[in-house]
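Just so you know, the protein sequences line up as chains U and B, in that order.
Going by my numbering, the first sequence runs without a break in its numbering and finishes at 439.
Going by my numbering, the second sequence runs without a break in its numbering and finishes at 370.
Ideal placement from N, C-alpha and C gives every residue a C-beta, glycine not left out.
Heads up, the thing below is written out as structure tokens.
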Amino acid sequence: MRFKTLGLAALGATLLASAVATPPVGAAEEQFVPLLVYRTGPYAPNGIPLADGFDDYMQLVNLRDGGVNGVKLAWEECETQYNNDRGVECYERLKGMGSTGASLVNPYSTGITYALIERATADKVPVLSMGYGRADASDGRVFPYVFTMPITYWAGADVMMQYAKKETGGSLKGKKIALVYHDSAYGKEPIATLERLAKEEGFEFSKFPVAHPGLEQKATWLQIGRQLRPDWVFMWGWGVMNSTAIKEAAAVGFPMEKFVGIWWSASEADVVPAGDSAKGYKSLNITGVGTSAPIFRDIQKMHADGKGLADKANIGTVLYNRALVNSFYFTEALRTAQAKFGKKAMTGEQIQWGFENLDVSQAKIDAAGMTGLLSPVKLSCMDHEGGGSAVVQQWNGSEWNAITDFIAPRRDALRQQYEASAAQYAAEKGITLRDCK
Amino acid sequence: MIYREAGQFKSSYGADQAIFPILQDRIAVAIMLAIAVVVIPLVAGPYWLETILVPFLVFSMAAIGLNLLTGYCGQLSLGTGGFMACGAFFAYKLSTAFPELHIVLVFLLSGLGTAFVGILFGIPSLRIKGFYLAVATLAAQFFLVWMFNKFPWWNNYSPSGVISAPPRAVFGDFYLTGTQATPEIKYLFLLAFVSVMALLAKNLTRSRIGRSWMAIRDMDIAAEIIGIRPLFAKLSAFAISSFYIGISGALWAFVYTGSVEALAFDINRSFQVLFMIIVGGLGSILGSFLGAAFIVLMPIFLSNAPAALGLHISVELVSHMEFMIFGALIIFFLIVEPSGLARLWQIGKEKLRLWPFPY
Numbered sequence: 003m004r005f006k007t008l009g010l011a012a013l014g015a016t017l018l019a020s021a022v023a024t025p026p027v028g029a030a031e032e033q034f035v036p037l038l039v040y041r042t043g044p045y046a047p048n049g050i051p052l053a054d055g056f057d058d059y060m061q062l063v064n065l066r067d068g069g070v071n072g073v074k075l076a077w078e079e080c081e082t083q084y085n086n087d088r089g090v091e092c093y094e095r096l097k098g099m100g101s102t103g104a105s106l107v108n109p110y111s112t113g114i115t116y117a118l119i120e121r122a123t124a125d126k127v128p129v130l131s132m133g134y135g136r137a138d139a140s141d142g143r144v145f146p147y148v149f150t151m152p153i154t155y156w157a158g159a160d161v162m163m164q165y166a167k168k169e170t171g172g173s174l175k176g177k178k179i180a181l182v183y184h185d186s187a188y189g190k191e192p193i194a195t196l197e198r199l200a201k202e203e204g205f206e207f208s209k210f211p212v213a214h215p216g217l218e219q220k221a222t223w224l225q226i227g228r229q230l231r232p233d234w235v236f237m238w239g240w241g242v243m244n245s246t247a248i249k250e251a252a253a254v255g256f257p258m259e260k261f262v263g264i265w266w267s268a269s270e271a272d273v274v275p276a277g278d279s280a281k282g283y284k285s286l287n288i289t290g291v292g293t294s295a296p297i298f299r300d301i302q303k304m305h306a307d308g309k310g311l312a313d314k315a316n317i318g319t320v321l322y323n324r325a326l327v328n329s330f331y332f333t334e335a336l337r338t339a340q341a342k343f344g345k346k347a348m349t350g351e352q353i354q355w356g357f358e359n360l361d362v363s364q365a366k367i368d369a370a371g372m373t374g375l376l377s378p379v380k381l382s383c384m385d386h387e388g389g390g391s392a393v394v395q396q397w398n399g400s401e402w403n404a405i406t407d408f409i410a411p412r413r414d415a416l417r418q419q420y421e422a423s424a425a426q427y428a429a430e431k432g433i434t435l436r437d438c439k
Numbered sequence: 012m013i014y015r016e017a018g019q020f021k022s023s024y025g026a027d028q029a030i031f032p033i034l035q036d037r038i039a040v041a042i043m044l045a046i047a048v049v050v051i052p053l054v055a056g057p058y059w060l061e062t063i064l065v066p067f068l069v070f071s072m073a074a075i076g077l078n079l080l081t082g083y084c085g086q087l088s089l090g091t092g093g094f095m096a097c098g099a100f101f102a103y104k105l106s107t108a109f110p111e112l113h114i115v116l117v118f119l120l121s122g123l124g125t126a127f128v129g130i131l132f133g134i135p136s137l138r139i140k141g142f143y144l145a146v147a148t149l150a151a152q153f154f155l156v157w158m159f160n161k162f163p164w165w166n167n168y169s170p171s172g173v174i175s176a177p178p179r180a181v182f183g184d185f186y187l188t189g190t191q192a193t194p195e196i197k198y199l200f201l202l203a204f205v206s207v208m209a210l211l212a213k214n215l216t217r218s219r220i221g222r223s224w225m226a227i228r229d230m231d232i233a234a235e236i237i238g239i240r241p242l243f244a245k246l247s248a249f250a251i252s253s254f255y256i257g258i259s260g261a262l263w264a265f266v267y268t269g270s271v272e273a274l275a276f277d278i279n280r281s282f283q284v285l286f287m288i289i290v291g292g293l294g295s296i297l298g299s300f301l302g303a304a305f306i307v308l309m310p311i312f313l314s315n316a317p318a319a320l321g322l323h324i325s326v327e328l329v330s331h332m333e334f335m336i337f338g339a340l341i342i343f344f345l346i347v348e349p350s351g352l353a354r355l356w357q358i359g360k361e362k363l364r365l366w367p368f369p370y
């Protein structure tokens, strides 16, 4: 009985304590960045290098440059476990922190992005969904606070097709392309684009949905490897689905050189578990690979001084680099906003202006020591994608190597698709298009 | 001492059968409602309203629905997620196909649609019982989610399969969904809606139909012998339960997240609601609320607690601690009171009546 009372009392005390206390508020001149991370849960192998990249880059900016134009970056992590409900909770918890509130949010989950689009728009917090989320959010007239740079899934499908076409000798007529995709909002994104391309290029397109989490793909691959025998297989996979697919593809003898994954099927965590069978597997990437860019000298030095935040093993991995590029886009947008509004902490609304007027030229990339890590982008009120490109990389059994230059998608037709899809969204939501003059 | 009913005489059947027969209870409930309606919207910030109270109310609705079926009628169901998906997608189709339809009507109609689906999947319950029925309802879970994922008609041919709530007002300029909706309106609307539905459910369980469910639950052969039709009792339980669950699914998609894909209603959602009623108390409307509070709020409290106490520990450690403490708490409560939190509350009340001189 006493144990019971004690337990209940302890529980009550914890509840009370957590109800009364309020979150800490950052110092006056700090730019607050909420970080929605997943260091635990089923996608932790992907979430950890991403979160480490953010931590390291912001730490580097604070230590090396004293912040952005003297404004230090402050950040706080919140664990989402890649769960949409928790993502919303984290966003709401962190959005009011810091002197000017959240600067932007990088959800790193298509589901959380969808859940945050309306909320963040209402709160005037930019959403930077870099290579994920809603492709049609590239239309800035309908989605003023959502940014899809440097490239969307639809554009990624176009790049993949271009690469396959070039490798097949300039024509895909009569060829067969199969898409293996995670049966969710994320995996379905490229279908409409690939169906359109199938008509234009004359290839035969077939779809193979894989149920979450994607551990059971024997039937799928038997069908692909024994019956359909496609010329190319594209994959929109995530987490454990990727390594499973590679293993199953190898088991049915499908050539890895003809197997191309999207940039979320492109990290070390996706190929290492598949062992030797992954050798030769290809994937798209939106950022460069390796540690040859000059910025890594600064990062290594920071770690040598004992001030780095990341696990050293993650430095230079695909997702770590992606987080570096993501943070770099943010600091550049912040700089752009500060050039107009003054060198102080910016509000979400001002950073939104910064993103819309962002121009990341090759000269700026070189000056930041990020040569080869990203392609130039230039955004506008109309275009929130910014004209970025993707590279094709190949796994040699121990590391990724880029095997092409940055390939630009053909955006004319894509832009029409974005606008048509965004217009449908606007009609459903009763949104009047913003005038982009 | 203060919680005594001495001197409170009942002079009519109505007074004797009241939900809250004791004056102190009525006062307490009135005060609680007043706090919920007036004080909480004034005091609680948007974080509290939007991410804690709104999902709590939505889940309470789902838990009430499942409790009617499992707690009162004794039919174990693992199809809750599928039925919630039904409500969400029906509401989406209705509100986009008929934009002039009022949002409350949309919710009620989508609940009605889900009720029919519930009857359909309830038919096997006439032949199979217990764990076997759970497996049959599992089929509903997988089939429904698969259907909404498979056929693009359900999401108006959106390329990603995600549905997104169109902006709708409760009345005038008070938007419940869309970017103009404020957390206060969402909270107050849900509070009113869920309270009314909970009152309906409570009265339902005290009526003839509710008693026939309980008779079926306690011993279906005996119930049949005393003249209760199992067909009607079981199917009505499935229908009404699905009605509640369908509405909660619609509320989830429209009021809480604003956009949702079919995968959000996977098997884990069914388990979540089932755990709510087990922890809260089977066969109790109050238990549905307590269970929803426990399952929805406790993880959020646990993940906030270290920061609130001024401890700065890494997020992964917090998250691991959250799992351990949450699991330990569930086991603790089930050992202390296997009949759920509602029973714990009842025992507390009985003790309070004897306080300070227990015998």
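Here residue 43 of chain B is exposed. Its C-beta has fewer than 16 other C-beta atoms within 10 Å. At a C-beta separation below 8 Å, residue 301 of chain B has no neighbours in chain U, since its nearest C-beta there lies roughly 13 Å away. Taking a C-beta distance under 7 Å as the contact criterion, residue 133 of chain U and residue 265 of chain U qualify as a contact pair. In the three-state reduction of the DSSP assignment, residue 404 of chain U falls in the strand class, which pools E and B. By the C-beta density criterion, residue 165 of chain B is buried, having at least 16 other C-beta atoms within 10 angstroms. Between residue 55 of chain U and residue 325 of chain U, the gap from beta carbon to beta carbon is short of 7 Å. Taking all protein chains shown into account, residue 361 of chain B has fewer than 16 neighbouring C-beta atoms within 10 Å of its C-beta and is therefore exposed. With a threshold of 16 other beta carbon atoms within 10 Å, residue 24 of chain B falls short and is exposed. Taken through DSSP and simplified to helix, strand or coil, residue 284 of chain B comes out as helix. Rounded to whole angstroms, the Cβ separation of residue 320 of chain U and residue 268 of chain U is 6 Å, and the two are in contact under 8 Å.
Scanning the region 189-239 of chain U for uninterrupted beta strand (DSSP E) segments of 3 residues or longer gives 206-212, 234-238, listed from N- to C-terminal end. In this structure, DSSP gives residue 184 of chain B a state outside helix and strand, which the three-state scheme calls coil. At a C-beta separation below 8 Å, residue 190 of chain U has these neighbours in chain B: 170, 171, 172. Rounded to the nearest whole angstrom, the C-alpha separation of residue 252 of chain U and residue 343 of chain B is 48 Å.
By the CB criterion at 7 Å, residue 198 of chain B and residue 64 of chain B fall inside the cutoff. Using a Cβ distance threshold of 7 Å, residue 369 of chain U and residue 356 of chain U do not count as a contacting pair. Residue 177 of chain U and residue 233 of chain U have their C-alpha atoms roughly 6 Å apart.
Residue 200 of chain B is classed as buried because its beta carbon has at least 16 other beta carbons within 10 Å across all chains shown.
Distance check between residue 216 of chain B and each of B:370, B:169, B:15, B:28 places B:28 closest, using alpha-carbon atoms only.
Counting the other Cβ atoms within 10 Å of the Cβ of residue 398 of chain U gives fewer than 16, which makes it exposed. Here residue 353 of chain B is actually not in contact with residue 71 of chain B; their C-beta atoms are around 13 Å apart, not less than 8 Å. For the 7 Å CB-CB criterion, residue 395 of chain U and residue 291 of chain U form a contact.
Looking at the DSSP output, residue 361 of chain U shares a beta bridge with U:380. Within its own chain, the residues whose Cβ lies closer than 6 Å to the Cβ of residue 206 of chain U, once the five positions on either side in sequence are excluded, are 178, listed in chain order.
In this chain, residue 305 of chain U is not harboured by any beta strand (DSSP E); it is covered by the alpha helix (DSSP H) spanning 297-306. Around the C-beta of residue 256 of chain U, 16 or more other C-beta atoms lie within 10 Å, and the residue is accordingly described as buried.
A Cβ-Cβ separation of about 7 Å places residue 113 of chain U in contact with residue 272 of chain B under the 8 Å criterion. Buried is the label assigned to residue 247 of chain B, since at least 16 other Cβ atoms lie within 10 Å of its Cβ.
The beta carbon of residue 116 of chain U falls within 7 Å of a beta carbon belonging to chain B, placing the residue at that interface. Contact of residue 42 of chain U with chain B is assigned, a C-beta pair being separated by under 7 Å. Spatial neighbours of residue 318 of chain U in its own chain (CB-CB distance under 7 Å, excluding positions within 5 residues in sequence) are listed in chain order as 292, 293, 298. Taking the CA atoms as reference points, residue 385 of chain U sits about 47 Å from residue 207 of chain B. Per the DSSP secondary-structure output, residue 175 of chain B pairs in a beta bridge with B:270.
When beta bridges are read from the DSSP output, residue 331 of chain B appears opposite no residue. Between the alpha carbons of residue 366 of chain U and residue 138 of chain U lies a gap of roughly 28 Å. Counting the other CB atoms within 10 Å of its CB gives residue 434 of chain U a total below 16, which places it among the exposed residues.
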